[in-house]
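Everything on this sheet refers to the single structure shown next.
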Amino acid sequence: MDAPRGMADKAMLRTLRGDQPSRPPIWLMRQAGRYLPEYRATRAEAGSFLDLCYNPDLATEVTLQPIRRFGFDAAILFADILLVPQALGQKLWFVEGEGPRLEPVESREDLGRLKRTEDIHETLEPVYETVRRLSGALPRETTLIGFAGAPWTVATYMVAGRGGLDQAPARKWLYSESEGFAKLIDLLTEATIAYLLRQIEAGAEVVKVFDSWAGALAPDQFQKYAVEPARRITVAIKAIHPDVPVIGFPRGAGAGYAGFAKATGVDAVALDTSVPEEWARDALQSDSAVQGNLDPILLITGGDALVRRAERLIEILGDGPYIFNLGHGITPEADPAHVETLVRTVKG
Ligand code: 1CP
């Protein structure tokens, strides 16, 4: 089979297809963000975070900033997981210094007021335009990652109307009226598939599904609301684009990481900070590539501890398919000089 154009030069794609480049590819979750002065400048120019997400010029610019500065092996589309509920008609706004707010969706009646999957693209068209521009603007060795939130994680925000510590509002709904809640998950699964397919058509080479709150689900609920939607999304994407790798991130899944790649068909699992690297090597790496899982706090503190931890991860995971990354998103307090040190360590 012929390799798709450019693939041979892309360490990230090669790793996701089971090949092994001479060193692990590296990119970082939330690599475009407030720890970079150039991001803060572009965001100020945009006016607000949402204006930045829907402005293809500026969203392209902030996606490229960390690539220019650090030479990461992958760029991730600049957008947010909450654009999908907004495209479904839910009111969304960001409170400065606090985070997202949405008008809560709490009942089947509220669900009835949302738009249909085929209507989301009107709102999301500027995001697809950003992907098209990135596809033409990235260095040839850099892989373009598209993404969406997983249905469960997006639902936790839709139901609570904000971020939270325990995702209790969504968990209450799933126990008290599971049929209604399952309808919300179904709708989000369909919308996520449609959204990711459009990103791929616009030029995304890999897609990642962020289930940041998977760890809040009890085991039976994890199967139903994290594993099953991830499987449906992966199957639907591969039915049309069999060569596009999918990365799953069931953050906090604990024992649920075992068998996740097999059950869902994802090509890689992103590990949160708590997953032991020896266990990941022995229990996960024969099923799929793994990505992760440096503690993002080390990019605030730096020093020997950062370099030693990065070397340890490469030593244990680097003999199998491995993508270097953090265990969760980079923080606004991260020091760009420490990111520079990390990239040098991984590439060296
Ligand atoms: O003030 C700012 O500039 C906004 C901060 C910010 C940024 C930079 C938000 C608000 N979203 C983003 C971009 C973003 N979000 C990206 C693309 C950029 C990149 O990775 O370089 C991605 C992939 C996301 C994904 C995202 N958004 C997740 C999943 C990943 C994760 O970190 O767990 C989640 C949970 C969100 C919701 C969200 N958006 C923004 C915030 C502050 C939050 C978390 C809110 C909360 O739970 O309290």
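Residue numbers (this note's numbering): 837 to 1184. Ideal placement from N, C-alpha and C gives every residue a C-beta, glycine not left out.
Within a Cβ cutoff of 6 Å, which residues of the same chain sit near residue i, ignoring the five residues on either side of it in sequence?
{"i": "A789", "result": "This structure cannot speak to residue 789, because the chain is shown only from 837 to 1184."}
{"i": "P962", "result": "Y890, P892"}
{"i": "R1068", "result": "T1025"}
{"i": "T966", "result": "P892, A895, T896"}
{"i": "L1038", "result": "Checking the displayed sequence, the identity of residue 1038 turns out to be Ala instead of Leu. Around A1038: Y964, V967, R968."}
{"i": "E1169", "result": "I1136"}
{"i": "A1052", "result": "Q1003"}
Flag residue i as yes when its Cβ comes closer than 7 Å to any non-hydrogen atom of the ligand 1CP, and as no otherwise.
{"i": "T868", "result": "For the record, residue 868 in the displayed sequence is Ala; it is not Thr. At least one heavy atom of the ligand 1CP is nearer than 7 Å to the Cβ of A868, so yes."}
{"i": "P936", "result": "yes"}
{"i": "S1048", "result": "yes"}
{"i": "T1100", "result": "no"}
{"i": "F906", "result": "no"}
{"i": "D916", "result": "yes"}
{"i": "T989", "result": "yes"}
{"i": "I1083", "result": "no"}
{"i": "L879", "result": "Looking at the sequence provided, one finds Arg at residue 879 rather than Leu. Checking the Cβ of R879 against the ligand 1CP gives yes."}
{"i": "I1159", "result": "no"}
{"i": "G1165", "result": "yes"}
{"i": "G985", "result": "yes"}
{"i": "M848", "result": "no"}
{"i": "M865", "result": "yes"}
{"i": "I912", "result": "yes"}
{"i": "F1017", "result": "no"}
Going by other Cβ atoms of all chains shown within 10 Å of its Cβ, with 16 needed for buried, is residue i buried or exposed?
{"i": "S1124", "result": "buried"}
{"i": "W1115", "result": "exposed"}
{"i": "P902", "result": "buried"}
{"i": "P987", "result": "buried"}
{"i": "R1148", "result": "exposed"}
{"i": "G1139", "result": "exposed"}
{"i": "R1087", "result": "buried"}
{"i": "P1055", "result": "exposed"}
{"i": "S1048", "result": "buried"}
{"i": "A1141", "result": "exposed"}
{"i": "P921", "result": "buried"}
{"i": "P873", "result": "exposed"}
{"i": "E1113", "result": "buried"}
{"i": "P1157", "result": "buried"}
{"i": "G985", "result": "buried"}
Could you name the residues of the same chain whose beta carbon sits closer than 8 Å to that of residue i, not counting the 5 residues immediately before and after it, in chain order?
{"i": "R937", "result": "L928, W929, F930, V931, G997, R998"}
{"i": "A882", "result": "L888, N891, L894"}
{"i": "L974", "result": "L900, I903, A911, L980"}
{"i": "G1101", "result": "R1067, T1070, V1071, K1074, V1082"}
{"i": "V1182", "result": "R859, P860, I862, A1146, I1150, F1160"}
{"i": "I956", "result": "V920, A923, L924, A1027, A1030, Y1031"}
{"i": "T959", "result": "L919, Q922, A923"}
Looking only at its own chain, which residues have a Cβ that is under 7 Å from the Cβ of residue i, when we skip the five neighbours before and after it?
{"i": "I1159", "result": "M848, T851, P860, P861, A1104, A1125, Q1127"}
{"i": "A1091", "result": "none"}
{"i": "D838", "result": "For D838, the predicted model reports a pLDDT of 41, less than 50, meaning its position is unreliable; a value from the coordinates is still stated below. Nothing meets the Cβ criterion."}
{"i": "D845", "result": "R976, E977"}
{"i": "Q1059", "result": "none"}
{"i": "Q1057", "result": "L1010"}
{"i": "D855", "result": "none"}
{"i": "A1099", "result": "V1063, R1067"}
Does the ligand GTP have even one heavy atom less than 7 Å from the beta-carbon of residue i?
{"i": "F1096", "result": "You won't find the ligand GTP in this model; what it holds is the ligand 1CP."}
Report yes or no: do three or more beta-carbon pairs, one from the segment 914-931 and one from the segment 939-956, lie closer than 8 Å?
yes
Three or more C-beta pairs closer than 8 Å, one from the segment 1162-1179 and one from the segment 1129-1137: is that the case here?
yes
Length at least 3, wholly inside the segment 1117-1162: the beta strand (DSSP E) runs in chain order:
1125-1130, 1158-1162
Three or more C-beta pairs under 8 Å: does that hold for the segment 1003-1013 against the segment 1038-1046?
no
For the 8 Å Cβ check, are there 3 or more pairs between the segment 1065-1083 and the segment 1131-1146?
no
Indicate whether the contact test is met: 3 or more Cβ pairs, each with one atom in the segment 1051-1069 and one in the segment 1016-1034, closer than 8 Å.
yes
Give the list of continuous beta strand (DSSP E) stretches no shorter than 3 residues that lie fully inside the segment 1004-1090.
1042-1047, 1082-1086
Runs of 3 residues minimum, wholly inside the segment 915-958: which ones carry the beta strand (DSSP E) assignment?
928-931, 935-938
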